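Enquirer: These protein sequence lines are chains A and B, in that order.
Everything in the first sequence is counted per the numbering used here, starting at 22 for the first residue and increasing by one.
Everything in the second sequence is counted per the numbering used here, starting at 22 for the first residue and increasing by one.
All C-beta atoms in this analysis are idealised placements derived from N, C-alpha and C, irrespective of residue type, glycine included.
Because the structure is a prediction, the values reported are computed rather than measured.
There are 2 protein chains.
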Amino acid sequence: MTESQDLAAVAAAASAAAGPFADASPADRARALVAVADALDAAADELVSIAMRETGLGEPRLRGELTRTSVQLRLFAETVLDGTYLDVRIDDADPDFVLGARAEVRRMLVPVGPVVNFAASNFPFAFSVAGGDTASALAAGCPVVLKAHPGHPELSRATAATVRDALAAAGLPDGVFQLVEGVEAGVAILQDPRIRAASFTGSLRAGRHLADLAAARPSPIPFYGELGSVNPVFVTRAAIDERAAELAAGYVASVSGSAGQLCTKPGVVFVPAGAEAADRLVARVAEAAAGLAEHRLLNPGITRGFAARRGEVLGAPGVVAVAEGALRVDADEQGWATPTILRVSLDDFRASREQLAEEAFGPLSILVEVPDGADLADLVDEFLEGELTATVHLGADEASGAEHDASRALVRALADRVGRVLVGGWPTGVAVTPAMQHGGPWPATTDAGGSTSVGTAAISRFLRPVAYQSVPDALLPPALQDANPWNVPQRRSPAGQSRGWGATAAAAIA
Amino acid sequence: MTESQDLAAVAAAASAAAGPFADASPADRARALVAVADALDAAADELVSIAMRETGLGEPRLRGELTRTSVQLRLFAETVLDGTYLDVRIDDADPDFVLGARAEVRRMLVPVGPVVNFAASNFPFAFSVAGGDTASALAAGCPVVLKAHPGHPELSRATAATVRDALAAAGLPDGVFQLVEGVEAGVAILQDPRIRAASFTGSLRAGRHLADLAAARPSPIPFYGELGSVNPVFVTRAAIDERAAELAAGYVASVSGSAGQLCTKPGVVFVPAGAEAADRLVARVAEAAAGLAEHRLLNPGITRGFAARRGEVLGAPGVVAVAEGALRVDADEQGWATPTILRVSLDDFRASREQLAEEAFGPLSILVEVPDGADLADLVDEFLEGELTATVHLGADEASGAEHDASRALVRALADRVGRVLVGGWPTGVAVTPAMQHGGPWPATTDAGGSTSVGTAAISRFLRPVAYQSVPDALLPPALQDANPWNVPQRRSPAGQSRGWGATAAAAIA
Chain A
22 MTESQDLAAV AAAASAAAGP FADASPADRA RALVAVADAL DAAADELVSI AMRETGLGEP
82 RLRGELTRTS VQLRLFAETV LDGTYLDVRI DDADPDFVLG ARAEVRRMLV PVGPVVNFAA
142 SNFPFAFSVA GGDTASALAA GCPVVLKAHP GHPELSRATA ATVRDALAAA GLPDGVFQLV
202 EGVEAGVAIL QDPRIRAASF TGSLRAGRHL ADLAAARPSP IPFYGELGSV NPVFVTRAAI
262 DERAAELAAG YVASVSGSAG QLCTKPGVVF VPAGAEAADR LVARVAEAAA GLAEHRLLNP
322 GITRGFAARR GEVLGAPGVV AVAEGALRVD ADEQGWATPT ILRVSLDDFR ASREQLAEEA
382 FGPLSILVEV PDGADLADLV DEFLEGELTA TVHLGADEAS GAEHDASRAL VRALADRVGR
442 VLVGGWPTGV AVTPAMQHGG PWPATTDAGG STSVGTAAIS RFLRPVAYQS VPDALLPPAL
502 QDANPWNVPQ RRSPAGQSRG WGATAAAAIA
Chain B
22 MTESQDLAAV AAAASAAAGP FADASPADRA RALVAVADAL DAAADELVSI AMRETGLGEP
82 RLRGELTRTS VQLRLFAETV LDGTYLDVRI DDADPDFVLG ARAEVRRMLV PVGPVVNFAA
142 SNFPFAFSVA GGDTASALAA GCPVVLKAHP GHPELSRATA ATVRDALAAA GLPDGVFQLV
202 EGVEAGVAIL QDPRIRAASF TGSLRAGRHL ADLAAARPSP IPFYGELGSV NPVFVTRAAI
262 DERAAELAAG YVASVSGSAG QLCTKPGVVF VPAGAEAADR LVARVAEAAA GLAEHRLLNP
322 GITRGFAARR GEVLGAPGVV AVAEGALRVD ADEQGWATPT ILRVSLDDFR ASREQLAEEA
382 FGPLSILVEV PDGADLADLV DEFLEGELTA TVHLGADEAS GAEHDASRAL VRALADRVGR
442 VLVGGWPTGV AVTPAMQHGG PWPATTDAGG STSVGTAAIS RFLRPVAYQS VPDALLPPAL
502 QDANPWNVPQ RRSPAGQSRG WGATAAAAIA
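#1: Please name the residue in A:A169, A:P253, A:L120 and A:A488 whose C-alpha comes closest to that of A:F144.
#2: Thinking C-beta only, is B:V208 closer than 8 Å to A:A436?
#3: Please go through the region 332 to 397 of chain A and give each complete alpha helix (DSSP H) segment of 4 or more residues, from N-terminal end onward.
#4: Which residue's Cα is closest to the Cα of A:L348: A:R258, A:L400 and A:G356?
#5: Report the three-state DSSP secondary structure of A:L443 (helix, strand or coil).
#6: Please report the straight-line C-alpha distance between A:L484 and B:E315, rounded to a whole angstrom.
#7: CA-CA distance, B:T76 and B:A151?
#8: Buried or exposed: where does B:V204 fall if 16 or more other Cβ atoms within 10 Å of its Cβ makes it buried?
#9: Counting pairs of beta carbons, one from the region 261 to 268 of chain B and one from the region 429 to 449 of chain B, are three or more of them closer than 8 Å?
#10: Kindly provide the ranges of any beta strand (DSSP E) runs that are 3 or more residues long and lie completely inside the region 165 to 249 of chain A, ordered along the chain.
#11: Pull up the distance between the alpha-carbon of B:V109 and that of B:P499, whole angstroms please.
#12: Span of the beta strand (DSSP E) holding B:M129?
#13: Checking contacts by CB at 8 Å: is B:M22 closer than that to chain A?
#14: Leaving out the 5 sequence neighbours to the left and right, which residues in its chain are closer than 6 Å to B:A122 when beta-carbon positions are compared?
#15: Along the chain, where does the beta strand (DSSP E) containing A:Y489 start, and where does it finish?
#16: Can you tell me which residues form a DSSP beta bridge with B:D113?
#17: Please report the Cβ distance between B:V389 and B:V303, rounded to the nearest whole angstrom; I am assuming they are in contact, meaning their Cβ atoms lie under 8 Å.
#18: Determine the closest residue to B:G385 out of B:R238, B:A307 and B:A504, with distance taken between C-alpha atoms.
#19: What is the rounded straight-line gap between the Cα of A:M22 and the Cα of B:G85?
#20: Just mark A:G445 as buried or exposed, buried being the case when its beta carbon has 16 or more other beta carbons within 10 Å.
#21: Does any residue of chain B have a CB that is nearer than 8 Å to the CB of A:R215?
#22: Smallest Cα separation from A:V492: which of A:V475, A:I71 and A:I111?
#23: Give the secondary structure of A:R438 by DSSP, where H, G and I count as helix, E and B as strand, and everything else as coil.
#24: Check each residue of the region 441 to 466 of chain B: if its Cβ is closer than 9 Å to any Cβ of chain A, include it; give the result in chain order.
#25: Please report whether the beta-carbon of A:P171 lies at a distance below 8 Å from any beta-carbon of chain B.
#26: Write down the C-beta distance between B:A181 and B:F97 rounded to the nearest angstrom, noting that I regard them as a contact closer than 8 Å.
#27: Whose Cβ in chain B lies nearer than 9 Å to the Cβ of A:S428?
#28: Judging by CA-CA distance, which residue of A:A60, A:A38 and A:P321 is the nearest neighbour of A:S142?
#29: According to DSSP, B:Q511 sits in a beta bridge with which residue or residues?
#30: Identify the contact partners of B:E424 in chain A, using a Cβ-Cβ distance below 8 Å as the criterion.
#31: Once the 5 residues before and after A:S275 are set aside, which same chain residues still bring their CB inside 6 Å of it?
#32: In three-state terms, what does DSSP make of B:E408?
#33: At 7 Å on the CB atoms, spell out the chain B contacts of A:V525, in chain order.
#34: Give a yes or no on whether the minimum CB-CB distance between B:S240 and chain A is below 8 Å.
#35: Quick check: is the beta carbon of A:V184 nearer than 8 Å to any beta carbon in chain E?
#36: Name the residue from B:S91, B:D213 and B:L102 whose alpha carbon lies nearest to the alpha carbon of B:S46.
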């Protein structure tokens with residue numbers, strides 16, 4: 022839509038579509054998701070070429086991202102057909118219930134209603150118009166109003182047209198998917214009483230602002246914001262001894278890929294100070310970074326932000342360049358960067374915490390040199406608030422052998438602060454799989470890490486429970502009927518169990 | 022605690038207890054819950070006698086409520102041992118993953134950390150110190166700071182001592198359960214950065230205030246507030262024709278039980294206007310209400326609130342008493358009430374919507390007379406925002422026979438606005454069972470009905486997901502280990518499936 026967009030009509034159309042879409046069978050909803058996936062795949066050449074121009078990202082990355090986007094839609098089609106996500110529970114009526122006769126209660130999750138999704142700039146497919154938030158909301162049965170990101174307007178319109186056409190061909194009403202553009206439109210839709218939930222991927226500042234607006238509505242709604250993170254990494258001396266070259270290569274690739282414009286980019290790496298082994302790691306990092314070509318940043322706004330953050334970091338006392346990198350701004354105000362990788366002592370890092378420990382969105386990362394004998398779990402307590410990820414690189418004996426006690430304490434401490442803990446590997450490249458978690462305690466996500474925006478559990482954000490008490494079969498939704506026409510898992514609590522509650526526990530305990 | 026309570030020490034103790042408590046085995050946590058249940062049962066005589074004095078509620082009700090409270094703890098012990106609530110997912114590593122090789126990812130839910138629970142006045146056991154919020158938070162593995170309700174201070178202290186002693190005897194650290202008193206203490210604890218979630222049962226005004234504070238924290242936290250509801254009831258002419266006396270008796274019992282001080286009390290009942298049958302219902306309601314003895318209200322504050330709301334309702338144009346009821350205030354400022362039941366035409370109800378359609382906490386309910394031919398589903402759209410419950414009374418043919426189309430539309434419309442839909446029966450008396458849902462769209466609950474405060478799903482409020490990627494078995498929490506020492510359900514996605522995603526969907530669709 023353009024400046025003349027009629028936002029009340031958008032909200033009304035979404036609201037009108039909510040009931041019919043919620044009642045669509047799993048097969049119909051799955052068919053719609055697969056149709057969108059097929060349409061995106063078919064339009065790949067056109068969409069990728071627009072995306073290259075608008076975002077500066079490379080073709081292989083964009084083709085891979087588009088495939089990821091269509092795979093994600095197919096995975097959610099499976100999720101819908103499987104039906105486990107509905108969490109159907111049936112408590113049979115129980116005249117002998119321990120607190121007096123109990124009526125039959127049947128419970129399932131239902132769509133919350135129309136959702137507004139705020140698209141991200143850095144994944145023009147996978148976290149934008151047809152990305153994970155849209156896929157999971159549609160899978161849940163919620164109409165989507167997509168607030169386009171201004172960084173790729175033409176791509177947003179082309180993708181939206183593809184999605185709309187596919188949904189229309191699948192027989193769904195227009196209001197199931199709509200695009201709006203502009204900050205004011207996004208804010209207005211977020212505040213419309215017909216909108217029942219919101220999702221967002223972007224900066225802490227913008228995310229906090231929108232979360233506050235959502236909470237301040239006359240009828241507050243859940244706001245699922247993914248605000249990024251520093252993604253700390255911890256490397257032990259044994260890991261460096263065993264595989265310095267591999268670590269250096271993996272690190273530089275993770276920092277420089279997509280010009281570091283990923284919410285899981287490793288921003289701070291704690292390494293052992295002063296040892297010969299550590300110096301060898303640093304030398305190899307410098308080597309690996311030296312050969313890299315410059316990469317365009319997404320847009321002039323991100324270039325300005327990166328330039329400012331980079332200057333701040335470079336200006337902090339004690340910061341030394343491992344690979345100084347460069348940032349060139351062209352005539353169109355687009356930035357072109359090579360990775361900036363720095364080292365600093367733990368004491369200097371601590372002293373300039375404000376400048377150094379905050380996310381720098383772009384190809385920049387800091388190696389923090391930790392003195393011998395420091396407890397890594399203590400660093401977790403000192404420096405981590407809430408993170409999407411944390412990664413640990415261990416030596417073989419620390420990972421599973423005789424010396425794993427400290428490693429276990431470190432993993433345990435990290436699990437308290439982050440949504441995903443990795444041992445080995447690098448946090449970028451978030452797999453779209455059932456067990457994935459992309460979200461963590463504040464400020465990683467606005468809802469204190471209770472949700473994920475990647476993986477099949479992302480559907481839960483757009484559902485709420487409804488119980489049906491003593492409702493005759495003919496009036497129940499299909500998923501709760503005894504005949505179970507949708508063939509979903511139904512978890513049943515038969516009569517006669519309640520007097521044993523606590524007894525099973527007692528037996529297990531004894 | 023008293024005015025001199027050291028709130029920073031309370032938060033510090035809760036925070037210190039969080040790690041060890043989170044790591045406790047299911048058996049240890051279940052043992053603690055059963056120990057608290059046993060201790061409450063053993064202290065019943067003392068606790069019930071204090072409760073009678075402080076709340077004015079009757080002995081059978083209070084004994085039943087205490088049993089409900091201990092049963093609830095036992096049910097959560099079963100939930101903990103069962104382990105399904107952990108939602109363990111294991112995605113095997115997959116070199117052939119459709120988007121490139123996938124690492125192993127294991128995901129489970131973990132405790133969010135220390136929780137503050139704000140106790141309610143109207144259930145001095147089941148929604149107070151050792152009530153559902155405490156039971157579900159402890160089951161989740163979260164330390165609890167309990168903000169006592171000022172309506173029953175002595176009972177709160179005695180119950181807290183019972184809980185604390187039982188937990189200590191079970192070997193848990195002091196910080197796992199603590200009591201604080203006073204509005205300022207509650208607000209301070211809610212704003213302490215070490216507190217990670219909050220729950221509340223009470224008024225819309227107080228709940229909104231606290232929810233706003235939770236959202237405005239530097240690190241916002243989830244606030245699960247259950248704010249009450251009008252709990253509309255819809256009665257058809259056929260239902261009255263079939264069982265007027267039974268309906269009248271059930272209705273009056275539901276309105277007058279516990280002096281109507283229940284969040285699920287039916288506050289508005291839509292009945293067919295002007296028919297001989299409807300008049301018969303009204304006459305029977307008047308009869309049933311006439312015989313009731315006065316019941317003390319919980320405390321002087323609630324008495325003042327009820328007096329004001331009752332006056333407002335009685336003063337609205339067109340409102341006619343079916344049973345006028347009475348409210349007497351004694352020398353101690355305690356109120357003593359008999360039920361006030363009123364009738365009003367749909368037009369007059371609509372004209373005075375502000376006065377009539379809002380919750381009146383106490384023994385008051387309104388019969389709204391709906392003209393012939395009105396569509397009940399339209400009334401849902403017109404008058405319901407978000408409710409804990411809605412109840413429908415149908416004739417036999419409307420429930421399951423030839424005439425059930427309109428009934429289905431009504432149940433469908435209600436499911437969009439409420440957390441629990443009943444066909445027959447009355448909404449008071451919320452069963453503590455796995456499928457129960459106690460929560461609904463705003464303003465019934467602050468989180469738009471995404472959670473419940475009754476039933477085993479209440480545990481979900483105090484959990485968040487963590488994924489472990491490529492973490493060696495020795496460093497994994499027990500629930501995620503291959504040996505599965507806690508014997509919890511593990512949902513596994515083997516390698517090799519992803520290339521079929523969408524194909525199953527396509528097959529199911531074809």
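Expert: Quick look at the numbers:
#1: Looking at A:A169, A:P253, A:L120 and A:A488, the one whose alpha-carbon comes closest to that of A:F144 is A:A169.
#2: Not in contact: A:A436 and B:V208 (Cβ atoms no closer than 8 Å).
#3: Entirely contained in the region 332 to 397 of chain A, the alpha helix (DSSP H) runs reaching 4 residues are, in chain order, 367 to 372 and 374 to 377.
#4: Of the listed residues, the one whose Cα sits closest to A:L348 is A:G356.
#5: Look at A:L443 here: in three-state DSSP terms it is strand.
#6: Per the coordinates, the alpha-carbon of A:L484 lies some 43 Å from the alpha-carbon of B:E315.
#7: For the pair B:T76 and B:A151, the Cα-to-Cα distance works out to about 16 Å.
#8: Here B:V204 is exposed. Its C-beta has fewer than 16 other C-beta atoms within 10 Å.
#9: Touching, no, given that fewer than three Cβ pairs across the two stretches are closer than 8 Å.
#10: Taking only runs of at least 3 residues, the beta strand (DSSP E) segments lying wholly in the region 165 to 249 of chain A are 165 to 168, 198 to 201, 218 to 222 and 244 to 247.
#11: If I take the Cα positions, the gap works out to 11 Å.
#12: V126 to P132 is the span of the beta strand (DSSP E), which, as asked, contains B:M129.
#13: Residue placement at B:M22 cannot be trusted, given a pLDDT of 48 that sits under 50; what the coordinates show is reported in the next sentence. It does not: the Cβ of B:M22 has no partner Cβ on chain A nearer than 8 Å.
#14: Excluding positions up to five away in sequence, the list reads P116.
#15: Here the beta strand (DSSP E) through A:Y489 covers L484 to Q490.
#16: Within the DSSP bridge table, the entry for B:D113 names no partner.
#17: About 12 Å separates the two Cβ atoms, so there is no contact after all.
#18: Reading the sequence as shown, one finds Leu at residue 385 of chain B and not Gly. Here the closest residue by C-alpha is B:A307.
#19: At A:M22, the pLDDT of 48 sits below 50, so the modelled position is not reliable and the matter cannot be decided from this model.
#20: So A:G445 ends up on the buried side.
#21: In terms of beta-carbon proximity, A:R215 stays away from the interface with chain B, with every pair separated by 8 Å or more.
#22: A:V492 has its Cα closest to that of A:I111, out of A:V475, A:I71 and A:I111.
#23: Look at A:R438 here: in three-state DSSP terms it is coil, with no helix or strand label.
#24: From the region 441 to 466 of chain B, only R441, V442, L443, V444, G445, G446, P448, G450, A452, V453, T454, P455, A456, M457, Q458, H459, G460, G461, P462, W463 and P464 have a Cβ closer than 9 Å to chain A.
#25: So, not an interface residue.
#26: Actually they are not in contact, since the Cβ atoms of B:A181 and B:F97 sit about 18 Å apart, beyond 8 Å.
#27: The contacting residues are P493, A495 and L496.
#28: Answer by Cα proximity: A:P321.
#29: Within the DSSP bridge table, the entry for B:Q511 names B:V109 as partners.
#30: Scanning chain A for C-beta atoms nearer than 8 Å to the C-beta of B:E424 yields nothing, as the closest lies near 11 Å away.
#31: P287, W447 and T449.
#32: Judged by DSSP in its simplified three-state form, B:E408 adopts strand.
#33: Here residue 525 of chain A turns out to be Thr, not Val, going by the sequence shown. Ordered by position in chain B, the residues that pass the 7 Å Cβ test against A:T525 are E99 and L102.
#34: Interface residue (Cβ-Cβ distance to chain A less than 8 Å): B:S240 is classified as such.
#35: No chain E is part of this structure, whose protein chains are labelled A and B.
#36: From the listed residues B:S91, B:D213 and B:L102, the smallest Cα separation to B:S46 is found for B:L102.
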